[in-house]
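Undergrad: Each number in my numbering comes from the position in the sequence shown (counting from 1) with 2 added on.
From the three backbone atoms N, C-alpha and C, an ideal C-beta is built for every residue, glycine too.
These numbers were taken from a predicted model, which means no experiment stands behind them.
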Amino acid sequence: FFDILLPEHKVAPYLETLNQAMTIAFEMDLQLERPSSETVDLHVTSSSFQAGEQNYILLILQNITERKASEQVMEDSFDKFMQMTIHLDEALKENRRQASVLSEYKGKMDRELELAQRVLTAIIPDRFPTNEFIESAGICLPCNELGGDYLDMFELDSHRFGILVADVSGHGVASALITTMLKVYFGRHVREFSDPAEMMAAMNAETYKIFGGTGFYFTACYSVLDLQRYEIATVLGGHWAPLRYSSRNQDVIALDAIPGTLLGAMAPDRTRYETAVTSLDPDDLLLFFTDGIQEARAGLEDLTLYGESRLFHFLKSNHQMEPPALVRALIRDVDRYLKGNPPNDDRSALAVRLKAKSDSAGI
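1. Between which two residues does the beta strand (DSSP E) containing valine 254 stretch?
2. Tell me, to the nearest whole angstrom, how far the beta carbon of proline 127 is from that of aspartate 154; I am working on the premise that it is less than 8 angstroms.
3. For my contact list, isoleucine 141 and threonine 182 are in at a C-beta cut-off of 8 angstroms; report their separation, rounded to the angstrom.
4. Measure how close the beta-carbons of leucine 313 and arginine 246 come, nearest whole angstrom, since I'm counting them as under 8 angstroms.
5. How long is the line joining the alpha carbons of threonine 47 and leucine 94, rounded to whole angstroms?
6. Determine the closest residue to leucine 63 out of Leu356, Gly174, Val42 and Leu166, with distance taken between C-alpha atoms.
7. Let me know the beta strand (DSSP E) ranges lying completely inside the stretch 137-179, each 3 residues or longer, listed in chain order.
8. Which runs of the beta strand (DSSP E) at least 3 residues long sit entirely within the stretch 267-323? Give them in chain order.
9. Could you round the C-beta distance between serine 248 and isoleucine 255 to whole angstroms and report it? I think they count as a contact, below 8 angstroms.
10. Using only CA atoms, which one of Leu356, Glu200 and Cys223 lies nearest to glutamine 230?
11. In the DSSP assignment, find the beta strand (DSSP E) that holds alanine 243 and state where it starts and stops.
12. Helix, strand or coil for alanine 101? Go by DSSP, reduced to three states.
13. Please specify which runs of the alpha helix (DSSP H), each continuous and at least 4 residues long, are wholly inside the stretch 198-232, giving them in chain order.
14. Leaving aside the five residues before and after arginine 193 along the sequence, list all residues of the same chain whose C-beta is less than 7 angstroms from its C-beta, in chain order.
15. Return the first residue and the last residue of the alpha helix (DSSP H) that arginine 338 is part of.
16. Using 8 angstroms as the threshold, is the C-beta distance between leucine 44 and asparagine 57 below it?
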């Protein structure tokens, strides 16, 4: 049979085994090669029997080439699956390790962020000057963990107060650091300059040296309120002019102010700051604010701003309120305008009411 199927030299290795198996039953798988070099997988089943004095062997050959190929594919697939499982397990272990590292890093960042929030909260006064001549109050609400708004009111001498409102570009740690720097700088140098414009120019020169060219900048409004002269001198650096409710005219007008260059972004020789003076009357009300008030948007799709006219109307309608109640009411009014949407910027406001003139001896 084998001599007919395949050349003799191909079947010779199996003849001895077959001769030994003439009296026993067996099963075996063979892989034979045809003259064309094509391989054939065979499953051979044998059984022996005797008829008279003659021994016979019955061979049943089954072509299992396709089955073997399928088994090989399955075996290869299983090997690949096991390799993928091993790699996946290693990847999961690495992901867990990285997740642990990220969790530890996030915990550290959260702690540092909390500390930065505390520092930023601490530099904004929780109380503003109030006495028999003036009453003031401020509020500063960041739109996320760390804001860039800054409010402060400095007592320059017995009858003058410096009022600063600043808005640092962006939000986050960098903005918070710049805000802290403003607090330190103004606290140290505010009494060195009699003219607010000189103060603003010096502040620009100092901050430009530190973060000029980085893309960071800030806007500011600095005013000196003189309770003897009953006037306020104001300089702007890319900021909105404060508003005044005039008790004499019973109307809201902006303080006299000349637009100036924003701070920290341009060299001193490219900037301009000028002081403008406004005369005041007893019972006038002043409102300082950042652009998170006027430029509050109703939503992502509705880009209509809270706007100047709405702010003027609010101040005229609520001028009788005391400063603490007024700034809180303003924030509520802006919140209503937002219609439940998160604010798109920090919101800060500072209100100052003039109660009576001080005499020449001071307040």
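TA: Inspection of the coordinates gives the following:
1. Boundaries of the beta strand (DSSP E) harbouring valine 254: 253-256, taken from the DSSP string.
2. Between proline 127 and aspartate 154 the beta-carbon gap is near 6 angstroms, inside 8 angstroms, which marks them as a contact.
3. Between isoleucine 141 and threonine 182, the beta carbon gap of about 19 angstroms keeps them out of contact (Cβ cut-off 8 angstroms).
4. With 8 angstroms as the limit, leucine 313 and arginine 246 do not qualify as a contact, their Cβ atoms being about 12 angstroms apart.
5. Looking at the two C-alpha atoms, the distance is approximately 49 angstroms.
6. In this structure, Val42 is the residue among Leu356, Gly174, Val42 and Leu166 with its C-alpha nearest to the C-alpha of leucine 63.
7. The qualifying runs are 151-157 and 162-170.
8. DSSP runs (the beta strand (DSSP E)) wholly in the stretch 267-323: 278-281 and 287-291.
9. About 6 angstroms separates the two Cβ atoms, so the contact holds.
10. Per the Cα distances, Leu356.
11. Looking at the DSSP string, alanine 243 is not in any beta strand (DSSP E), and its letter there is neither H nor E.
12. In the structure shown, alanine 101 adopts helical secondary structure according to DSSP, grouped into three states.
13. Taking 4 residues as the minimum length, the alpha helix (DSSP H) runs contained wholly in the stretch 198-232 are 198-213, in order along the chain.
14. Excluding positions up to five away in sequence, the list reads Leu158.
15. Element bounds for arginine 338: 325-340.
16. No, the pair does not count as a contact, with Cβ atoms beyond the cut-off.
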